[in-house]
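K.L.:
Would you mind keeping the following structure in view while I ask a few things?
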Amino acid sequence: VVDFFGRHADMYDSPSLRPLRCSMQKIIEREQTKRFGGKTLKQYVSDRFKIKLAEHRKEAKEEDRRKVDRCRLRAERLKKRNALIAQARIHCSSADSLFIPDGSVQTASKMNDEAQENEQLFGARRCYICKDTYRQLHHFYDRLCPECAELNWSKRHQCFNLRGKTALVTGCRIKIGFEIALKLLRAGATVIGTSRFPYDAAQRFSREHDFCQWEQQLSIYGLDFQHIASVERFCTFLSTKLDKLDIVINNAAQTIHRPNSYYQHVVDLHRDKVDSLEQQIAVVVNRGLSTSNQLKDEHNLTALAVRDCSQSDGAIVGVNGHALDLRSTNSWTQKLGEVDTSELLQVFAINTVAPFILCGKLQALLLRNRQEDEPKFIVNVSAMEGKFQRFKHPTHPHTNMAKAALNMLTRTSAEDLAEKGIYMNSVDTGWVNDQRPVPTAVHLAAKEHFQAPLDEIDGAARVLDPIFEGIRTEQCSYGYFLKDYKPTDW
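Encoded structure:
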């Protein structure tokens, strides 16, 4: 019967055979469930479509990830991470779980990088700065839309002639402070840097390929901002030593108190400084310290910088040359009642009290020998933690308080200083590092493919922008809290 109607389909469609068709439908459905795993044809087709779509999306997501990892900022960080892992395997078999992609990436040749092709993504991303969605990748920044990336790329490489200018940069040894000092030196400025570890700072500067071109412009002083009396003596010393000062950048800050072993190699370097340092490096430090007897007392500044804490592995170093802090928690994740009182006082001394003293006591030096209409600059390096008009997590209240206080210094004093020709602003450096404990940061880097959207050079460019723009346009801004090169709410 079935064979007959298969050959005479027109008869099978006859209205009179509707009861037969209904009976046959049950047989057909039963046979379909055997063919399609217990599903109807409609269910089977729908499920196969969903599976294929999911596979396509997974492949597209993986391809997007490969494209993102080819962006130079990410690629160079991943390369550094792999090198650190290979080095650390000598001491630790689980080295993969100790490092995150981090650190700055040198982009000396702007044109060479711009020649790279900007790739197109399958899935849209949200820009770190403007929050708009985008699919076109920048060759360097993976977390910025094309418009924001182009602005940041341009600002990253801007520079003006600062010959004849003298700048004070606090906390110049590593990260943003180091990059600020480098930009100023390469712009022709004379830079006075401070650090708790001046010999380590000098050694880092000496590794730069063009060190011989600006070494005579650099002086480094050993100074720990936890020792307030030394900060005041330093101001007196500068007022005696210098004929003029043009720029003050309050960059030195403490975000997280680190364990002893985090600084141990730096302490060892300072103990052995006479024997281990090349003469050229020692001159950079001695250019400052040999004439600064006013700064010396029985107080050991290196000892101040190193206090007892907990877990770290001195044998394994991270991207900045420090031993890894392997604690599962730190003050970045601590709430009110968990932050140690001594750390609260350290943070306020370094982040707030020292800049207050420098801004107040160096005013006269900033105005000394000032030409008519010659602008002088103070930049207080702040952070979004100090912003009131922003959602706050309950963690690290002490750093939030300290940065808010620093912002209030700018908000209160900027207009008064501007009347004298000193232009003061606060600047947020942007997200350049992951401050979370290493285990948490490593987990998120692997699970969420996370990297900080900017690096320390971008942070330095933000700090110097009000100075460069003021000189370029001859219209100096003051009294602002600047984020991503624009004023933001306090």
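Residue numbers for the sequence shown follow the numbering used here, so the first one is 1 and each next one is one higher. Every residue, glycine too, gets a C-beta built ideally from N, C-alpha and C.
1) Using the Cα positions of Pro15 and Gln136, report the straight-line distance between them to the nearest angstrom.
2) Asp13 CB to nearest chain C CB: under 8 Å?
3) Within 8 Å, do at least three Cβ pairs link the stretch 141-148 to the stretch 92-107?
4) Should Asn82 go down as buried or exposed, given a rule of 16 or more other Cβ atoms within 10 Å for buried?
5) Assign Glu179 to buried or exposed, taking buried as 16 or more other Cβ atoms, counted over all protein chains shown, within 10 Å of its Cβ.
6) Does DSSP classify Gln213 as helix, strand or coil?
7) Rounded to whole angstroms, what's the CA-CA distance from Ala60 to Phe122? Just pull it up for me.
8) Considering only the beta carbon of each residue, do Tyr128 and Pro466 sit closer than 8 Å?
9) On a Cα-Cα basis, can you pick out the residue from Gln371, Ala354 and Tyr423 that is closest to Lys403?
10) Quick check on Cys159: buried or exposed, where buried means 16 or more other Cβ atoms within 10 Å of its Cβ?
11) Taking only the alpha-carbon atoms, compute the straight-line gap between His257 and Asn380 and give it to the nearest angstrom.
12) Gly459 lies in the alpha helix (DSSP H); which residues open and close that run?
13) Taking Glu119 as the reference, which of Val68, Phe377 and Lys241 has the closest Cα?
14) For Lys155, which residues in the same chain have their Cβ closer than 7 Å to its Cβ, ignoring the five residues on either side in sequence?
15) Our contact map puts Ala441 next to Ile28 with C-beta atoms below 8 Å; I'd like the distance itself, whole angstroms only.
16) Are the beta-carbon atoms belonging to Gly171 and Ala252 less than 8 Å from one another?
17) Work out the CA separation of Phe197 and Leu238 for me, nearest whole Å.
18) Rounded to a whole number of angstroms, what is the C-alpha to C-alpha distance between Phe418 and Asp325?
19) Taking 8 Å as the cut-off, does the stretch 234-249 touch the stretch 347-366 (at least 3 CB pairs, one atom from each stretch)?
20) Confirm, please, whether the CB-CB distance from Thr395 to Gln334 is below 8 Å.
21) Under the three-state reduction of DSSP, which class applies to Phe348: helix, strand or coil?
22) What does the Cβ neighbour count give for Arg436, buried or exposed, with the cut at 16 atoms within 10 Å?
23) Under the three-state reduction of DSSP, which class applies to Asn320: helix, strand or coil?
24) Specify the secondary structure class of Arg204 as computed by DSSP and reduced to three states.
25) Could you tell me the distance, in whole angstroms, from the CA atom of Trp332 to the CA atom of Ser46?
26) At which residues does the beta strand (DSSP E) containing Thr166 begin and terminate?
27) In the DSSP output, what is Asp428 paired with across the bridge?
28) May I have the straight-line CA-CA distance separating Glu208 from Ile174, to the nearest angstrom?
29) From Met401 to Ser426, what distance separates their C-alpha atoms?
30) Based on Cα-Cα distance, which residue from Ser413, Ala446 and Lys387 lies nearest to Arg65?
31) Taking the alpha-carbon positions, what's the His157 to Gly188 distance?
32) Assuming Arg135 is part of the beta strand (DSSP E), what are its boundary residues?
33) State buried or exposed for His227, treating a residue as buried only when at least 16 other CB atoms are found within 10 Å of its CB.
34) Would Arg74 and Gln451 qualify as a contact pair, given that the criterion is a beta-carbon distance under 8 Å?
P.N.:
Reading off the structure:
1) Locating residue 15 in the sequence shown gives position 15, where the first residue counts as 1. Locating residue 136 in the sequence shown gives position 136, where the first residue counts as 1. In a straight line, the C-alpha of Pro15 is about 59 Å away from that of Gln136.
2) In the structure shown, chain C does not exist; there is a single protein chain.
3) no
4) For this step, residue 82 is matched to residue 82 along the sequence shown. Classification for Asn82: exposed.
5) Here residue 179 refers to the residue found at position 179 of the sequence shown. Glu179 is buried by the Cβ-count criterion.
6) Translated into the one-based positions of the sequence shown, residue 213 becomes position 213. It is helical.
7) The residue labelled residue 60 in the question sits at position 60 within the sequence shown. The residue labelled residue 122 in the question sits at position 122 within the sequence shown. Spanning the two alpha carbons is a distance of roughly 6 Å.
8) Start at 1 with the first residue of the sequence shown, and residue 128 comes out as number 128. Start at 1 with the first residue of the sequence shown, and residue 466 comes out as number 466. Going by C-beta atoms, Tyr128 is not nearer than 8 Å to Pro466.
9) Working through the sequence shown from its first residue, we reach residue 403 at position 403. Closest by alpha carbon: Ala354.
10) Residue mapping note: residue 159 aligns to position 159 of the sequence shown, counting from 1. Exposed, by the Cβ-count rule.
11) On the sequence shown, position 257 is the one that residue 257 refers to. On the sequence shown, position 380 is the one that residue 380 refers to. If I take the Cα positions, the gap works out to 21 Å.
12) In the sequence shown, residue 459 corresponds to position 459, counting from 1. Note, Gly459: alpha helix (DSSP H), Glu456 to Thr473.
13) Taking the first residue of the sequence shown as 1, we reach residue 119 at position 119. If we check each option's Cα against that of Glu119, Val68 comes out closest.
14) Residue 155 sits at position 155 when you count from the first residue of the sequence shown. Excluding sequence neighbours, Lys155 sits near Ala461, Asp465 and Tyr485.
15) Against the sequence shown, residue 441 aligns to sequence position 441. Against the sequence shown, residue 28 aligns to sequence position 28. No, Ala441 and Ile28 are not in contact; Cβ-Cβ is about 59 Å, not under 8 Å.
16) Counting from 1 along the sequence shown, the entry for residue 171 is found at position 171. Counting from 1 along the sequence shown, the entry for residue 252 is found at position 252. Going by C-beta atoms, Gly171 is nearer than 8 Å to Ala252.
17) Here residue 238 is taken as the residue at index 238 of the sequence shown, counted from 1. Here residue 197 is taken as the residue at index 197 of the sequence shown, counted from 1. Taking the straight line from one Cα to the other gives about 19 Å.
18) By one-based count along the sequence shown, residue 418 stands at place 418. By one-based count along the sequence shown, residue 325 stands at place 325. At residue 418 the sequence reads Ala, which differs from the Phe that was named. Those two C-alpha atoms are separated by around 42 Å.
19) yes
20) The count along the sequence shown starts at 1 and reaches residue 334 at position 334. The count along the sequence shown starts at 1 and reaches residue 395 at position 395. Result yes, Cβ atoms of Gln334 and Thr395 sit closer than 8 Å.
21) Residue mapping note: residue 348 aligns to position 348 of the sequence shown, counting from 1. Reduced to three states, the DSSP call for Phe348 is helix.
22) Locating residue 436 in the sequence shown gives position 436, where the first residue counts as 1. Buried, since its Cβ has 16 or more Cβ neighbours within 10 Å.
23) Counted from its first residue, the sequence shown places residue 320 at position 320. It is coil, neither helix nor strand.
24) Walking along the sequence shown from the start, residue 204 turns up at place 204. It is helical.
25) Numbered from 1 along the sequence shown, position 332 holds the residue referred to as residue 332. Numbered from 1 along the sequence shown, position 46 holds the residue referred to as residue 46. One C-alpha to the other measures close to 49 Å.
26) Here residue 166 refers to the residue found at position 166 when the sequence shown is read from its first residue. Run containing Thr166: Thr166 to Thr170, per the beta strand (DSSP E) assignment.
27) Position 428 of the sequence shown holds residue 428. Note: Asp428 sits in a beta bridge opposite Ser382.
28) As a first step, residue 208 must be located in the sequence shown, where it is residue number 208. As a first step, residue 174 must be located in the sequence shown, where it is residue number 174. So the alpha carbons of these two residues sit roughly 13 Å apart.
29) Here residue 401 refers to the residue found at position 401 when the sequence shown is read from its first residue. Here residue 426 refers to the residue found at position 426 when the sequence shown is read from its first residue. In a straight line, the C-alpha of Met401 is about 15 Å away from that of Ser426.
30) Residue 65 sits at position 65 when you count from the first residue of the sequence shown. The shortest C-alpha separation from Arg65 is found at Ala446.
31) As a working note, residue 157 is residue 157 in the sequence shown. As a working note, residue 188 is residue 188 in the sequence shown. About 15 Å.
32) For the purposes of this step, residue 135 is identified with residue 135 of the sequence shown, where counting begins at 1. It spans Thr133 to Gln136 - the beta strand (DSSP E) in which Arg135 sits, taken as one unbroken run.
33) One-based indexing of the sequence shown puts residue 227 at position 227. With 16 or more Cβ atoms within 10 Å of its Cβ, His227 is classed as buried.
34) On the sequence shown, position 74 is the one that residue 74 refers to. On the sequence shown, position 451 is the one that residue 451 refers to. Contact flag set, yes.
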